[in-house]
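Structure first, then comments.
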Amino acid sequence: MAHLLLHLLVLLLFAPLLPGVIARTKARFAGRQGPPLLQPYYDLLRLWRKGFVLSRTTTWVFSAGPVVGLVVPLLAALLLPFGALPAPLSFEGDLILFVYLFALARFFTAAAALDTGSSFEGMGAAREVTFSCLAEPTLMFALLVLAKLSGGLSLQALFGTHLPASWGSGAGPALGLILVCLFVVLLVENSRIPFDDPNTHLELTMIHEVMVLDHSGPAFGMILYGAALKLMVLGSLLVRLALPWNSGFWLFDLLIYLGGLLLLAVLIGVVESVMARLRLVRVPQVLIGTSLVSVFALVLVLR
Amino acid sequence: MSDVNSVILLVVILLNFFTLGSARLVACIRAVALQGALLALLPVTVHGLSGHSLILALGALTLKGLFIPWLLLRAIREVRIRREMEPLIGLVPTLFLGVLATVAAFLFADRLPLLLEHQEGLLVPASLATMLTGFLLLMTRRKAITQVVGYLILENGIFVFGVLLSTAMPLVVEAGVLLDLLVAVFVMGIVLNQINREFATINTERLSALKE
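First to last, the protein sequences are chains A and B.
At position 24 of the first sequence (counting the first as 1) the number is 24 in full-length UniProt numbering, and the numbers step up by one without a gap.
At position 41 of the second sequence (counting the first as 1) the number is 41 in full-length UniProt numbering, and the numbers step up by one without a gap.
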């Protein structure tokens with residue numbers, strides 16, 4: 001029980017720091033001071049104190065979107081080991097549940113966007129669904145590579161103690177490939193540059209931001225919080241893969257994990273600062289490319 | 001040393017995918033140059049430091065990594081073609097075919113009756129995959145200069161195979177260098193041809209008349 005509480009507490013308290021770190025990194029790259037690191041927490045507090053504004057054309061689906069978007073990363077985090085800390089909930093085949101929980105969240109976000117009846121939001125929903133269904137094979141093949149290496153089918157086993165040995169063995173290059181692929185998936189799923197610009201408000205180029213335009217107050221807060229949680233949950237996959245050490249002492253393991261996440265946030269900030277957005281037609285090409293690279297990693301492991 | 005080998009060959013295969021999926025000519029040529037430069041490291045990492053492998057590495061580096069890409073980039077600048085790859089079939093289908101070819105190369109290499117020390121490594125499958133990628137580029141691209149890129153990748157694949165045999169058969173080394181020279185001549189011919197065509201169609205005299 002104490003373990004479960006610690007898991008959730010780390011997730012809930014730490015997650016909003018990551019967008020803050022990304023914003024700070026981008027500001028530093030642009031030569032600006034940047035908002036304080038804790039700005040996302042202030043934003044969430046401010047949004048929480050406001051009231052709801054609901055359009056009369058919307059139904060319950062519209063308010064279900066943010067709620068599901070907040071609950072799903074929490075559920076997914078329960079299946080996932082945080083660094084060397086074991087997952088509170090683990091069973092054979094939970095990686096399928098993990099992938100499709102995010103599909104569920106996406107379904108509800110897209111449904112909520114369509115429920116407003118605005119053609120603009122429908123366009124964003126169409127784009128988001130297209131891109132994420134292209135990103136899904138990459139994630140699945142990457143998890144398959146890990147499953148082949150570990151011999152288990154739960155996320156706990158996939159990210160278990162065999163990882164340092166696997167990096168040293170012949171499977172190291174394959175692990176490197178899927179690390180890159182997972183990073184691309186992370187960027188797509190969290191609507192980051194070069195796939196989507198979280199700060200843009202230009203109609204024709206927005207993808208994720210379009211879908212949440214009509215949410216206000218606490219609902220928008222939930223969406224922001226859910227996005228931060230999602231970033232942390234997907235980031236955990238990468239951090240565990242890149243820093244697979246176990247020290248045996250839980251506090252030290254936790255520090256390695258959190259430090260890895262901060263490094264990842266800085267890396268995302270750097271990528272966002274040095275890259276331009278891809279043209280919309282190029283995005284599917286890149287995503288298909290990463291899927292094929294992860295298939296290739298699977299071939300390397302299988303032979 | 002086998003770790004360094006497999007990393008080099010892995011990057012070479014990834015560069016194959018990149019050239020198949022990229023729409024920009026300059027990026028493609030840079031990728032091929034990088035591929036050639038990486039392959040130049042192979043004789044040293046496979047056979048160790050000796051005069052023979054050093055000469056091979058230096059020759060490959062200057063020709064594949066520097067000279068031919070420089071020629072191609074210069075040709076593009078002179079003839080003023082910028083980015084068009086003009087594939088006969090789309091970029092994504094070509095990429096798919098490339099991955100299928102790579103997988104086929106891996107399956108095929110596992111069935112070949114190889115020596116024991118070559119069975120596990122990436123050398124044979126990488127060389128087959130690179131050759132097949134070169135064939136694909138040759139078949140699916142319309143412009144002469146992109147076909148030269150395909151030809152260079154094909155040659156890179158042959159070079160990987162040659163590295164495998166170079167201690168047993170020094171003749172292969174010479175053959176490889178000769179093939180490189182052939183490519184250089186090929187490139188020069190195309191450059192001249194393109195410039196010729198440019199001057200045949202665009203009459204400079206008429207252009208200056210327009211200006212007045």
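Built from N, CA and C at the ideal position, the CB exists for glycine as well.
Check                                                                                                                                                                           : Outcome
Using three-state DSSP, classify F62/A as helix, strand or coil.                                                                                                                : helix
Is F17/B close to chain A? Criterion is C-beta to C-beta, closer than 8 Å.                                                                                                      : yes
Determine the extent of the alpha helix (DSSP H) in which L187/A is found, giving its start and end residues.                                                                   : 172–189
Is it true that the CB of T57/A sits closer than 8 Å to the CB of G124/A?                                                                                                       : no
At least one CB of chain B closer than 8 Å to the CB of L292/A: is that the case?                                                                                               : yes
Nearest-angstrom Cα distance between L25/B and L158/A?                                                                                                                          : 41 Å
Please list the residues of the region 139–158 of chain A that have a C-beta atom closer than 8 Å to any C-beta atom in chain B, keeping them in chain order.                   : none
With 8 Å set as the bound, which would you pick, yes or no: does the beta-carbon of V99/B sit closer than that to a beta-carbon of chain A?                                     : yes
Straight-line CA distance for F108/B to A126/B?                                                                                                                                 : 11 Å
What number of angstroms, rounded off, separates the C-alpha of L179/B from the C-alpha of F183/A?                                                                              : 40 Å
Consult DSSP for F249/A and reduce its assignment to one of helix, strand or coil.                                                                                              : coil
By the criterion of Cβ-Cβ separation under 9 Å, what are the contact partners of I256/A in chain B?                                                                             : By Cβ distance, chain B contributes nothing, its closest Cβ being about 25 Å from I256/A, past 9 Å.
Using only CA atoms, which one of G90/B, A40/B, L10/B lies nearest to I55/B?                                                                                                    : A40/B
Residues of the region 21–43 of chain B with a CB closer than 9 Å to any CB of chain A: list them in chain order, please.                                                       : G21, A23
For a minimum of 3 consecutive residues, which ranges assigned as the beta strand (DSSP E) are wholly contained in the region 24–85 of chain B?                                 : none
Less than 8 Å between the beta carbons of F108/A and A64/A, yes or no?                                                                                                          : yes
What are the start and end residues of the alpha helix (DSSP H) that includes P40/A?                                                                                            : 39–48
Label G20/A either buried or exposed according to how many other C-beta atoms from any shown protein chain fall within 10 Å of its C-beta, with 16 as the threshold for buried. : buried
Alpha carbon to alpha carbon, how far is L71/B from V149/B?                                                                                                                     : 12 Å
Helix or strand or just coil, what does DSSP make of residue 304/A?                                                                                                             : Residue numbering for chain A in the displayed model covers 1 to 303; residue 304/A lies beyond these limits and cannot be assessed.
At a CB-CB cut-off below 8 Å, which residues of chain B make contact with V274/A?                                                                                               : Going along chain B, no residue has its Cβ under 8 Å from V274/A, so there is no contact; the nearest lies around 17 Å.
If residue 380/A and P218/A are in contact, beta carbons under 8 Å, what's the gap, nearest whole angstrom?                                                                     : The question about residue 380/A has no answer, for chain A in this structure spans 1 to 303.
So, at 6 Å on beta carbons, what are the nonlocal neighbours of L187/A in its own chain, with the 5 sequence-adjacent residues on each side left out?                           : F195
Would the region 18–36 of chain B and the region 146–163 of chain B be scored as touching if the rule is three or more Cβ pairs under 8 Å?                                      : yes
Quick one: grab the DSSP three-state call for R141/B.                                                                                                                           : strand
Expressed to the nearest angstrom, what Euclidean distance is found between the alpha-carbon atoms of V12/B and L54/A?                                                          : 55 Å
According to DSSP, is P19/A part of a helix, a strand, or is it coil?                                                                                                           : helix
Which residues, in chain order, does the region 56–80 of chain B contribute to contact with chain A at a C-beta distance below 9 Å?                                             : none
What is the DSSP secondary structure of L137/A, reduced to helix, strand or coil?                                                                                               : Here residue 137/A turns out to be Pro, not Leu, going by the sequence shown. P137/A falls in the helix class under three-state DSSP.
I want to see whether chain A comes within less than 8 Å of L88/B, judged by CB atoms only; does it?                                                                            : no
Are there 16 or more other CB atoms within 10 angstroms of the CB of N199/A, so buried, or fewer, so exposed?                                                                   : exposed
Would you kindly work out how many angstroms separate the C-alpha atoms of Y41/A and L154/B, rounded to a whole number?                                                         : 56 Å
Thinking L11/A and L229/A are a contact (beta carbons under 8 Å), I'd like their distance in whole angstroms, please.                                                           : 6 Å
Taking R303/A as the query, report the chain B residues whose CB atoms sit under 7 Å from its CB, ordered along the chain.                                                      : F106, D110
Going along the chain, which residues of its own chain have a beta-carbon closer than 6 Å to the beta-carbon of F220/A, five neighbours each way excluded?                      : L47
Short of 8 Å in beta carbon distance, which residues of its chain neighbour G93/A, apart from the five on each side in sequence? Order them along the chain.                    : L153, S154
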